[in-house]
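Colleague:
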Amino acid sequence: MPSGWTITGMASVNNLEDVIGGHVWVGVLCIAGGVFHILSSPFAWAKKALVWSGEAYLSYSLGALAIAGFSVACFVSVNDIVYPSMFYGPVEAVTDSTRAALSSVHAGLGFLALVGHLWHAYRARTAARRKEVGTFFDFIAKDVTLTLPSSVEQA
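This is the structure we're talking about:
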């Protein structure tokens, strides 16, 4: 097992060289993936399995943001190299620290992105099946009739 790795995985990185190297590595992978996707067309299994619409693309992007939010929440809560204790409070602190607040905000935003991902994935899949896309609010309001005050009806 590499030096500095624990059960927390990448979040336990213990030196700035590995942090910078990891960012360079991920950047190279993203650029190479972008070039690959520009130069090639989707595989047959991807054409069948994935939905190809704006709603689906939004869903996929929100899923990626959810992963990023949860990953950052993990990094903030356990990493003392990238998030130094002098600025964010001790790693062991559970409450009353900037570290706990920042981690909670990222986890909350990650959860919100996950809910958005699931919502838009449902809408994209339903639209791909050529069914009417109903929402929770449509379901709640299905038996509601609009009543107007008498002053509005007479005008």
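Mapping to numbering that gives the first Met the number 0: the sequence shown position 131 is 130, numbers consecutive.
Just so it is clear, CB atoms sit at the ideal spot from N, CA and C, and this is done for glycine as well.
If you check the beta carbons only, do W118 and S76 fall under 9 Å apart?
Modeller: Residue numbering aside, residue 118 sits at position 119 when the sequence shown is read from its first letter. Residue numbering aside, residue 76 sits at position 77 when the sequence shown is read from its first letter. The answer is no: Cβ separation not under 9 Å.
Colleague: Checking 9 Å against the spacing of the C-beta atoms, do A126 and S52 come in under that value?
Modeller: Sequence index remark: in the sequence shown, residue 126 carries index 127 (1-based). Sequence index remark: in the sequence shown, residue 52 carries index 53 (1-based). For A126 and S52, yes; Cβs fall inside 9 Å.
Colleague: With a CB to CB cut of under 6 Å and the five nearest residues on each side skipped, what residues in its chain are close to G88?
Modeller: In the sequence shown, the residue the question calls residue 88 occupies position 89. Excluding positions up to five away in sequence, the list reads S96, T97, R98.
Colleague: Could you check if L61 is buried or exposed, using at least 16 other CB atoms within 10 Å of its CB as the buried criterion?
Modeller: If you number the sequence shown from 1, residue 61 lands on position 62. Classification of L61: buried, given that the 10 Å Cβ count is 16 or more.
Colleague: Could you check which residue in W24, E131, S103 has the C-alpha nearest to that of A74?
Modeller: Position 75 of the sequence shown holds residue 74. Residue identity differs from the one stated: residue 74 is Phe in this sequence, not Ala. The shortest C-alpha separation from F74 is found at S103.
Colleague: Could you give the DSSP three-state label for W51: helix, strand or coil?
Modeller: Taking the sequence shown and counting its residues from 1, one reaches residue 51 at position 52. W51: coil per DSSP, three-state reduction.
Colleague: Kindly indicate which three-state DSSP category I19 falls into: helix, strand or coil?
Modeller: Taking the first residue of the sequence shown as position 1, residue 19 is located at position 20. Of the three classes helix, strand and coil, the one that applies to I19 here is helix, per DSSP.
Colleague: Which runs of the alpha helix (DSSP H) spanning at least 4 residues fall entirely within the segment 34-107, listed in chain order?
Modeller: The segment 34-107 contains these whole alpha helix (DSSP H) runs: 43-48, 53-77, 84-87.
Colleague: Can you give me the C-alpha to C-alpha distance between E16 and L108, rounded to a whole angstrom?
Modeller: Translated into the one-based positions of the sequence shown, residue 16 becomes position 17. Translated into the one-based positions of the sequence shown, residue 108 becomes position 109. Straight-line Cα distance between these residues: approximately 29 Å.
Colleague: Count the other CB atoms within 10 Å of the CB of A45; is the residue buried (16 or more) or exposed (fewer)?
Modeller: Here residue 45 refers to the residue found at position 46 of the sequence shown. Counting Cβ neighbours within 10 Å, A45 comes out exposed, since fewer than 16 surround it.
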